[in-house]
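Taking it in order: structure first as structure tokens, then the write-up.
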Amino acid sequence: MLSVKPVSAAKYILEDPCSLYAQSKANPRNLQGDGWGIGFYEDGSPRLIKSEGAVYMEYEALSSAVRHARSRMILAHIRGASNPRGLPREKIISKENSQPFSYGRYIFVHNGTIMIPDELANVLGVWKEKIRGFNDSEVYFWFLMKELDEGRDMPSALWGLKKTLEELWEEAQRRHPDKKQPYTGLNMILSDGECLYAYCEHRDRKVGGRSLCFGDQPVFEMSYILGRDRLVVTSEKTNREEDWKPINYGELLIGKIVDGEISVESENVP
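In my numbering, the protein residues as written are 775 to 1044.
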């Protein structure tokens, strides 16, 4: 969430009928119980509050974190862990594997799976040394950090990620006969403290899954609401009262504050 003034995101994280907290336990057969986190800015610097616990069992801790996180920029994430490497569960569930991830002024969350994280990590150069956990989303994050550090803008960084994954897959698929694609989804939200970037790109458009709570939108279709004083982006709408719009496949939404109001532009990442 990006807002003109520091505010709380409690409505969308805790209170709405399809809040992030409600989403964590909406499907008993697919509980989002592998960690959670909130990222925001405090005195201009990123601050993360994270847990490896099941968010639906840690309401008090989540509520406390939400109360503390009054900021112009707030990112929150609940985790249903992906495990493309087939590692033991104790390796992939920890605070360092929970999202958001942060570096410098950036905060990042991802929904989806990078199916060939080791291959992607191997093209990071010195940035590979910054990987701390076993979350494939962290490799995605460090790839973007490398691209941005080398002077690319966000659309170019995302295009470079897709191109790199496709090129790596051409060779890697022979080693992974159990996998059908290099990634399932690249849906992400990233903040640099001033701009909010939200990108929707996934491989499961034809699967036919529906959203967790209301079941009235495709499973990986992101949503947003825009007002003069705030921009809220979510993995799915959290209520039915506000004027939610979809972020289309391949669309990068960029929000920032211009002359005291929220301004949004959109770019397509081919």
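By construction, the Cβ of each residue, glycine as well, lies at the ideal position given by its N, Cα and C atoms.
Just the C-alpha distance for residue i and residue j, rounded to the nearest angstrom, thanks.
| i | j | result |
| --- | --- | --- |
| residue 953 | residue 862 | 19 angstroms |
| residue 917 | residue 887 | 14 angstroms |
| residue 840 | residue 958 | 30 angstroms |
| residue 1010 | residue 815 | 24 angstroms |
| residue 890 | residue 940 | 10 angstroms |
| residue 784 | residue 822 | 16 angstroms |
| residue 826 | residue 1013 | 27 angstroms |
| residue 817 | residue 842 | 13 angstroms |
| residue 908 | residue 1037 | 36 angstroms |
| residue 782 | residue 813 | 12 angstroms |
| residue 977 | residue 995 | 11 angstroms |
| residue 933 | residue 910 | 18 angstroms |
| residue 963 | residue 1033 | 23 angstroms |
| residue 965 | residue 975 | 18 angstroms |
Among the options, which residue has its Cα nearest to the Cα of residue i?
| i | options | result |
| --- | --- | --- |
| residue 1021 | 1031, 1034 and 1007 | 1007 |
| residue 847 | 919, 777, 971 and 1002 | 777 |
| residue 806 | 944, 920, 831 and 788 | 831 |
| residue 1024 | 1044, 947 and 1005 | 1044 |
| residue 844 | 775, 914 and 973 | 775 |
| residue 794 | 1042, 942, 988 and 936 | 988 |
| residue 867 | 951, 936, 986 and 809 | 809 |
| residue 852 | 879, 948, 885 and 780 | 885 |
Per DSSP, which one or two residues make a beta bridge with residue i?
| i | result |
| --- | --- |
| residue 933 | DSSP, once it has assigned bridges, lists no residue as partnering residue 933. |
| residue 1026 | 973 and 1041 |
Excluding five sequence neighbours on each side, which residues of the same chain lie with their C-beta closer than 7 angstroms to the C-beta of residue i?
| i | result |
| --- | --- |
| residue 922 | 931 |
| residue 1039 | 1028 |
| residue 956 | 889, 890, 939, 940, 942 and 943 |
Counting only the same chain and skipping the five closest in sequence on each side, list residues whose C-beta sits under 8 angstroms from that of residue i.
| i | result |
| --- | --- |
| residue 938 | 894, 897 and 917 |
| residue 984 | 990, 991, 992 and 993 |
| residue 790 | 796, 1012 and 1013 |
Using a Cβ-Cβ cut-off of 6 angstroms (strictly less than) and excluding sequence neighbours within five positions of residue i, which residues of its own chain qualify?
| i | result |
| --- | --- |
| residue 828 | 807 |
Quick check: is the beta carbon of residue i nearer than 7 angstroms to any beta carbon in chain B?
| i | result |
| --- | --- |
| residue 826 | Included in the structure is just one protein chain, with no chain B present. |
Do the segment 928–947 and the segment 960–980 meet, that is, are 3 or more Cβ pairs less than 8 angstroms apart?
-> yes
So, do the segment 994–1004 and the segment 1020–1040 have three or more beta carbon pairs nearer to each other than 8 angstroms?
-> yes
Counting pairs of beta carbons, one from the segment 872–882 and one from the segment 890–901, are three or more of them closer than 8 angstroms?
-> no
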